[in-house]
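Residue numbers (the numbering used here), protein chains in the order written: chain A, 589 to 980; chain B, -13 to 498.
Right, one structure below, let's go through it.
Structure follows, in structure tokens:
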């Protein structure tokens, strides 16, 4: 029991939002009379918030790299959606080509903003605030103020499609594919956790005790299998979910295990020290904005496909959704702290909050107030726990 | 009413890992100039910070008695309210505001809710007259010289009802004339009944103006000397300041000096912002394998600027000159190239430029050489931990684990992490800029031992320090830097405090 107390104390900050998320889910499950955890609603939760997940990953890297934010993602997303609309709906460009062009456009816009911030050393807030105006204006201009719709079935499939059940021929009526994938991932995660623990044990005596570790494995397995059940019980695994998982896993590895990832943290922790350690800080900062641009393009594809239209009004407020997700998920205003998984937890928290309040029929006015308060308290908690850690 | 305006009784203040003050007693008589002297890091500034409430009541033990009342200062404003005024070493004026605005900052002359500017400037003018500064009160502070700014600071303090004036190294960045003016002003204020505590390194000044001298060493008061009854010759004061035998403070080493490793020729550097201001002027020097080479000079002489400009042009602009390594010219245009050419530089300011304080020891140790630890583009975290643990053992870093955040380490241990980081890049030349600043005596000894070991391994070590005894104790050879030029070269037995000062004086004379 003592070791459990120590565990909770040491990891309170790290796991706090995860606990808070679980508690929030339980509250809404009760308050909505069980609607929250209906398979259809869970699937919807993923589909509705796909863009936030994708944007939050890029925003998190910017925040780690010194508390930078990108205020322009909503407008950039709208602009890229508009270009997608023009290409796919008006000119019938092949889908692969349109996607490549969209990604390159995101890269170019990222480079434009990254140049001003990274090399010209203008504050990121300012550059991207200008970007918000520029790209919103351009969006309206290229669309001539109108909305383009609808996209092809193929394009819609990205955000509305599901992985087909390969075992449909058995006629069991159960989505065996979803369950199989769930089992596979569970086994993979458990093997990885065990290997990680064995390696940790070589270097430090401070590993989880066996009963606690077993409990952790059971929780992981339960979470993954529960999710596969929800997907299986509705239409299957959403295509966009796979894209999100790939991004999250990829960026987690990138930020924790590669040299550029390490540079991002080092620069966020102390830019001068990073510079004097031989890190090209201008380049790192610029690359973070380029990365944000590319991920915005991915989010634009997801959004356009889900909305099934390209409109001048899409993406308004998306920047703030992504930024608040990151702060709720443990980012620091001063950089050097935060994880990609944290950003996803933050985004999920906001997503569940939104979804739960909508089901309960709470008006958008109150929704906004609640979301604002959550943001304040999450950051206040972060500052509080840090000042306490320092006092020790 | 007792004869003492201020008594500090049994003051003890500890920082994590360091006892900065150990049962210090200080008694200041009414109307005297009381000098507080000691080496860097002896605890003078800490004591004054305790007195002025920078370190609030409760973070130290002991009593402060001011005007026969026990005081508990919780903030600077508390000590100001009873009449204690502290002028810090770093000036605290706001450069963009005028002299008058600065003097009455936080003490605005308000009339019916609005600032009365006529009154402000009128009063400011009177104060300027008092401190002997002939300038308009509407001058922007940025346009004044450092000496003039110092006078503005004093005027600002005097604008309040101050009974005790504390000056922390007021002449550190002043020239001789300005210093003399300031000291005369102190004597003038004394005549008017002001009590004053003067912290200074400069013994000449201290013996000139003070009535009482308290010597502090390693956080304890060594002696209090009275002008009239005790021997206040400089020799006697130095004995008190330094105390133990100088030789014991530096580990022994038999230098094994090899060939010239690096040489710098005709090095010129201009200020990064004021691009026509020459900071380093035609400097040429060399350093040999296995040698500890000192760079001595006063604050602002250009030592750090010289070192950083060599380290991949990390300072300055329009840099010209050549760098040779083993007789071959090398081109070092950025920090990365410097590292690749075997140059390492540790900053004088480890908190702002040396460490990522929110990162752990592992991240800090490996960051400059992280590419050595990658397998298939992935950082080998286990290898990283092994390397870090190895350095922690070698350099004796005291920490519960390598995952400790650097912010939680003591100054000495932080410095060892910085050294680990650079030793890990396997450099041929290490430039150490004030590596022992602000760390305790024991840790200093360990840093010296590491420096000796590096030199014995055949590396060249350039040692920049403002503490002359340290340079005397450690260096095989030494350059005196003054106003961006090499003012002299001393080696072996020639190295002495007098010889260094003589070089500086001579160079100043030539410049005139």
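Note that the Cβ used here is the ideal one computed from N, Cα and C, for glycine as well.
Asked, Found
"Just reading off the alpha helix (DSSP H) that residue 347/B is part of, what are its end residues?", "347 to 352"
"Do the CB positions of residue 642/A and residue 650/A come within less than 8 Å of each other?", "no"
"So is residue 437/B in contact with chain A if we call contact Cβ pairs under 8 Å?", "no"
"Using the beta-carbon count (16 or more within 10 Å), is residue 780/A buried or exposed?", "exposed"
"Look at the Cβ atom of residue 323/B, then the Cβ atom of residue 298/B, and state whether they are nearer than 8 Å.", "yes"
"Counting C-beta neighbours from all protein chains within 10 Å, is the total for residue 752/A 16 or more, i.e. buried, or is it exposed?", "exposed"
"Is the shortest distance between the beta-carbon of residue 850/A and the beta-carbons of chain B less than 8 Å?", "yes"
"When Cβ atoms are compared, which residues of the region 317 to 337 of chain B fall closer than 8 Å to chain A?", "320, 321, 322, 324, 325, 331, 333"
"What is the DSSP secondary structure of residue 90/B, reduced to helix, strand or coil?", "coil"
"According to the neighbour-count rule (16 or more other Cβ atoms, all chains shown, within 10 Å of its Cβ), is residue 100/B buried or exposed?", "exposed"
"Between residue 353/B and residue 634/A, what straight-line distance do the alpha-carbon atoms span, to the nearest angstrom?", "38 Å"
"So, does the CB of residue 357/B fall closer than 8 Å to a CB anywhere in chain A?", "yes"
"According to a CB-to-CB cut-off of less than 8 Å, which residues of the region 858 to 882 of chain A neighbour chain B?", "858, 860, 861, 862, 863, 864, 865, 866, 867, 868"
"Would DSSP call residue 979/A helix, strand or coil?", "Note that residue 979/A scores a pLDDT of 49, beneath 50, so its modelled location is shaky; the value from the coordinates is reported in the next line. Helix at residue 979/A."
"Compare the C-beta of residue 779/A with all C-beta atoms of chain B and state if any pair is closer than 8 Å.", "no"
"Any residues in the region 338 to 349 of chain B with a beta carbon nearer than 8 Å to a beta carbon of chain A? Which ones, in chain order?", "338, 339, 340, 341, 342, 343, 344, 345, 349"
"Roughly how many whole angstroms lie between the Cα atoms of residue 422/B and residue 606/A?", "44 Å"
"If you follow the alpha helix (DSSP H) that residue 367/B is in, where does it begin and where does it stop?", "367 to 380"
"So if I threshold CB-CB distances at 7 Å, which residues from the region 822 to 850 of chain A count as touching chain B?", "845, 846, 847, 850"
"Quick one, which residues of the region 916 to 931 of chain A are near chain B if we go by CB-CB under 7 Å, in chain order?", "924, 925"
"Using a Cβ-Cβ cutoff of less than 8 Å, which residues in the same chain neighbour residue 926/A once the five nearest sequence positions on both sides are dropped?", "648, 651, 652, 914, 917, 918, 919, 920"
"Taking only beta-carbon atoms, is residue 417/B less than 8 Å away from chain A?", "no"
"Please list, in chain order, the residues of the region 297 to 309 of chain B that have any C-beta partner in chain A closer than 9 Å.", "297, 298, 300"
"Under a three-way DSSP split, which group does residue 287/B fall into?", "coil"
"State yes or no: is the beta carbon of residue 363/B nearer than 8 Å to at least one beta carbon in chain A?", "yes"
"Less than 7 Å separating the Cβ of residue 881/A from some heavy atom of the ligand GTP?", "Within the structure as shown, the ligand GTP is missing, as the structure has no ligands at all."
"Starting from the C-beta of residue 964/A, find all residues in its chain whose C-beta is less than 8 Å away, skip the five residues before and the five after it, and write them out in chain order.", "none"
"By DSSP, does residue 231/B sit in helix, in strand, or in coil?", "Bear in mind that the predicted position of residue 231/B carries a pLDDT of just 46, short of 50, making it unreliable; the figure below should be weighed with that in mind. Coil."
"If you measure between the beta carbons of residue 392/B and residue 347/B, is that distance less than 8 Å?", "yes"
"If the criterion is Cβ atoms closer than 8 Å, does the pair residue -5/B and residue 48/B meet it?", "yes"
"Flag this pair as yes or no: are the beta carbons of residue 574/B and residue 340/B separated by less than 8 Å?", "Here chain B comprises residues numbered -13 to 498, so residue 574/B is not present and cannot be evaluated."
"Cβ closer than 7 Å: which chain A residues qualify as neighbours of residue 360/B?", "847"
"Counting only beta-carbon atoms, is residue 353/B nearer than 8 Å to chain A?", "yes"
"State the DSSP-derived secondary structure class of residue 859/A, mapped to helix, strand or coil.", "helix"
"Bridge partners of residue 361/B, per DSSP?", "364/B"
"Quick one: using the 10 Å Cβ neighbour count with 16 as the cut-off for buried, is residue 811/A buried or exposed?", "exposed"
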